[in-house]
Amino acid sequence: MAWVKLFRRQAGGNLGKVYQPGSVLSLAPTKGLFNEPGQNSCFLNSAVQVLWQLDIFRRSLRGLTGHVCLGDACIFCALKSLFAQFQTSREKVLPSDAMRHALAESFKDEHRFQLGLMDDAAECFENILQRIHFHIVPNSEGDMCTSKSCITHQKFAMTLYEQCVCRSCGASSDPLPFTEFVRYISTTALCNEVDRMLERHERLKPEMFAELLQTANTADDFRKCPSNCGQKIKIRRVLMNCPEIVTIGLVWDSDNSDLTEDVVRNLATQLYLPGVCGHSQLSVYW
Ligand SMILES: [Zn+2]
Ligand SMILES: [Zn+2]
Ligand SMILES: [Zn+2]
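Next comes the structure, spelled out in structure tokens:
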């Protein structure tokens, strides 16, 4: 089970500057979502709560109306309706049943997210984003989506490329471009990197968090030199756009991980994107 932590940067502004903290405290009213015995909707509820608390996403979704509607299976409508209840209902806890049904109906053929069955929160989060894209731009290939109204790609998509460059012989592989919504980092690798840093008697400063994520992300991930000179090299990932929302998913490598306290202690409140992904020019706060 992975959980998702979202990093927000203030919308707009000049690149190259360090951003001041945006809406660290969301203005959204906070409400709970029911998860009755047997419903097992915790994975969906946590994904919905993350989306609701993201001011950029919440406001953008509110402003959208046109979409390809799938009726009972329409995740777009179900999410919009749930968000409207978050906004206006006097209840402190709301049912997420309509969203659960839409999700189950949408993924019936894939046997995913079916009623009563537990599922993965991070995968649910990503799939909700994907479905919103298809409701808005049904005929577009995911990675190539440039629609201005697609909040999925406009707000969340990180466009990166990967390349192997050998420091020994200079050979390089063809750059491989790709798009992702979440960068997943192993909590075990993250804590190992913190330990290594402390062993070197370096003091853990918040601005080093991005480097920690980067190192944890590529730890033990050695590739062969593209011209087979024998050198083992680390892959280089470069972020090419400046997404408004950068999502880092922390992956717990075991169900009984005892790293929770360590991870929370080492999380920083600022993320310097060039540190995580090579070239880029902005800093992210959350
Ligand atoms: Zn609809
Ligand atoms: Zn899209
Ligand atoms: Zn080489």
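Taking numbering that gives the first Met the number 0, the leading residue of the sequence shown gets 0, the next gets one more, and so forth. Virtual Cβ for every residue (Gly too), placed ideally from N, Cα, C.
When you get a sec, list the residues whose CB is within less than 7 Å of any heavy atom of ligand 2, chain order please. Qualifying residues come out as H132, I135, V136, S139, G141, C144, S146, C149, T151, H152.
For L211, which residues in the same chain have their Cβ closer than 6 Å to its Cβ, ignoring the five residues on either side in sequence? Cβ neighbours of L211 within its own chain (closer than 6 Å, five residues either side excluded): E192.
Beta-carbon within less than 6 Å of P174's beta-carbon, same chain only, minus the 5 sequence neighbours each way: which residues are those? For P174, where only same-chain residues beyond five positions count, the Cβ hits under 6 Å are Y160, Q162.
Spatial neighbours of G115 within its chain, please: CB distance less than 8 Å, with the 5 preceding and 5 following residues excluded, ordered by chain position. Apart from the 5 residues on each side of it in sequence, G115 sits with its Cβ closer than 8 Å to the Cβ of G37, Q38, N39 in its chain, given in chain order.
Which of the three DSSP states, helix, strand or coil, is assigned to Y271? Strand, per DSSP.
Host beta strand (DSSP E) of G248 (start-end): Unbroken beta strand (DSSP E) run through G248: 244 to 250.
Does the beta carbon of Q213 fall short of 7 Å from some heavy atom of ligand 3? Checking the Cβ of Q213 against ligand 3 gives no.
Cβ-Cβ distance between S95 and L43 below 8 Å: Annotated as proximal: S95 and L43, with beta-carbon spacing under 8 Å.
heavy atom of ligand 1 below 7 Å from F82 C-beta: In this structure, F82 has its CB at a distance of at least 7 Å from all heavy atoms of ligand 1.
Using a Cβ-Cβ cut-off of 8 Å (strictly less than) and excluding sequence neighbours within five positions of F221, which residues of its own chain qualify? Result list for F221: K231, I232, K233, in chain order.
Within 8 Å, strictly: CB atoms of A170 and F85: It is not a contact, given that the beta carbons lie outside the stated cut-off.
Around ligand 3, what residues have a beta-carbon under 6 Å from a heavy atom of it, in chain order? If you measure from each CB to the nearest heavy atom of ligand 3, the residues under 6 Å come out as C165, S167, C168, A170, C224, S226, C228, Q230.
Return the first residue and the last residue of the beta strand (DSSP E) that S185 is part of. Its beta strand (DSSP E) spans residues 181 to 185.
For a test of your reading of the model: does the CB of H66 fall under 7 Å from any non-hydrogen atom of ligand 1? Yes or no. Yes, the beta carbon of H66 sits closer than 7 Å to at least one heavy atom of ligand 1.
Quick check: the segment 71 to 89 against the segment 48 to 57, are at least 3 beta-carbon pairs closer than 8 Å? Per the Cβ contact rule, the segment 48 to 57 is in contact with the segment 71 to 89 (3 or more Cβ pairs under 8 Å).
Neighbour-count burial assignment, P242, 16 or more Cβ in a 10 Å radius: P242 is buried by the Cβ-count criterion.
Name the one or two DSSP bridge partners that E161 has. Beta-bridge pairing links E161 to L175, R236.
Just to confirm my understanding: we take C228, look at its own chain, exclude 5 residues before and 5 after, and list those with CB closer than 8 Å. What are they? Spatial neighbours of C228 in its own chain (CB-CB distance under 8 Å, excluding positions within 5 residues in sequence) are listed in chain order as C165, S167, C168, A170.
Cutoff 7 Å; reference R199; Cβ partners in own chain excluding five residues on either side: There are no such residues.
D252 and S185 - do their beta-carbons sit closer together than 8 Å? Yes, Cβ-Cβ distance for S185 and D252 is below 8 Å.
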